[in-house]
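Residues 1 to 218 in UniProt numbering are what the sequence shown spells out, letter by letter. No residue lacks a Cβ here, since even glycine has one placed at the ideal position from N, Cα and C.
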Amino acid sequence: MARRIAERVWAPGALIPGEEVLSIEFGCARATVNRALQELARGGVLVRKRKAGTRVALHPMREARFVIPIVRQEIETKGGAYQFRLLSNQVEKAPGDVARRMGLAKAKDMLHVRCLHLSDGTPYQYEDRWVNLDAVPSIRGETFETISPNEWLVTHSPFSQAEIVFHAGVASAQEADILGVSEKDAVFIVERVTFVPQKPITFVRMIHPASHRMVTQL
1 MARRIAERVW
11 APGALIPGEE
21 VLSIEFGCAR
31 ATVNRALQEL
41 ARGGVLVRKR
51 KAGTRVALHP
61 MREARFVIPI
71 VRQEIETKGG
81 AYQFRLLSNQ
91 VEKAPGDVAR
101 RMGLAKAKDM
111 LHVRCLHLSD
121 GTPYQYEDRW
131 VNLDAVPSIR
141 GETFETISPN
151 EWLVTHSPFS
161 QAEIVFHAGV
171 ASAQEADILG
181 VSEKDAVFIV
191 ERVTFVPQKP
201 ITFVRMIHPA
211 SHRMVTQL
């Protein structure tokens with residue numbers, strides 16, 4: 001069910017089939033379906049009303065907790081001209097530390113996408129992202145020729161929970177080369193994991209030059 005919502009088979013606001021219909025379709029007990037729907041409702045993905053049925057949330061709870069920015073819009077709002085460069089896009093086995101950050105018991109094949117976001121031709125953010133194909137299978141064939149991974153996931157993959165870490169660090173040789181800074185220069189790092197109930201969607205590491213400033217309005 002979470003996959004159908006993530007892939008917009010059930011669009012925001014859509015009335016989903018009843019428990020009896022779903023139990024027959026998925027070949028499981030109605031009580032099992034009920035528990036799954038309750039979990040999705042607690043995560044803010046579904047809205048359940050007595051006698052009115054169950055609908056996909058129009059505005060998932062993620063918007064009340066934290067709005068994931070679209071980097072293109074972030075740059076354009078600041079008056080910059082946006083560009084992005086796709087550096088790599090391939091399915092490969094995630095390293096153990098990535099699997100652990102996503103709460104997985106063991107490493108598995110995931111989509112690994114790397115790209116550079118630029119403002120007025122200057123490196124703004126290096127995005128190093130792993131995507132769980134079990135949670136978002138439709139991303140497998142995306143080329144990212146016209147849309148960045150960040151924007152694709154924000155617009156195509158709703159989530160119910162997120163874990164976000166902000167910290168300072170030093171640029172590795174690879175990061176320094178991509179961002180146009182010196183190796184071991186200070187950088188600002190954001191790491192984020194998003195989930196639908198009981199399933200991780202993506203882990204992304206976003207590295208910015210030390211001059212980067214993050215502004216939040218509540």
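Within 10 angstroms of the beta-carbon of Gly103 lie fewer than 16 other beta-carbons, which makes it exposed.
Shown here, Asp97 sits in a helix according to DSSP, grouped into three states. Of all C-beta pairs linking the stretch 185-194 to the stretch 145-165, three or more are shorter than 8 Å, placing the two stretches in contact. Look at the beta carbons and you see the stretch 90-105 not touching the stretch 50-58: under three pairs across the two are nearer than 8 Å. With fewer than 16 neighbouring CB atoms inside 10 Å of its own CB, Val67 falls in the exposed class.
A check of alpha carbon separations from Leu46 across Ala11, Pro69, Ala29, Thr32 identifies Ala11 as the nearest. DSSP places Phe159 outside any beta strand (DSSP E), giving it a letter other than H or E.
In the DSSP annotation of this structure, the continuous segment of the alpha helix (DSSP H) that includes Arg35 starts and ends at 30-42. Where Ser119 is concerned, the enclosing beta strand (DSSP E) starts and stops at 109-119. Listed in chain order, the non-local C-beta contacts of Leu87 below 8 Å within the same chain comprise Arg114, Cys115, Leu116, Ile178, local neighbours out to five positions each way being set aside. Per the C-alpha coordinates, the member of Cys28, Ile139, Gly169, Val33 positioned closest to Gly18 is Val33. In this structure, the beta-carbon distance from Lys78 to Ala135 does not fall below 8 Å. For Thr77, the uninterrupted alpha helix (DSSP H) run begins and ends at 71-77, by DSSP.
Beta-bridge annotation (DSSP): Ile207 is paired with Tyr126, Ile189.
Beyond the five residues adjoining it in sequence on each side, Arg4 comes within less than 6 Å, by CB distance, of Trp10 in the same chain, given in chain order. About 17 Å separates the beta carbon of Arg129 from that of Pro158, a gap too long to meet the 8 Å contact definition. Look at Ile68 here: in three-state DSSP terms it is coil, with no helix or strand label. Going by C-alpha positions, Glu127 is about 7 Å away from Ile207.
DSSP places Val47 in no alpha helix (DSSP H) but in the uninterrupted beta strand (DSSP E) bounded by 46-49.
Straight through space, the alpha carbons of Glu74 and Val170 are spaced by roughly 24 Å.
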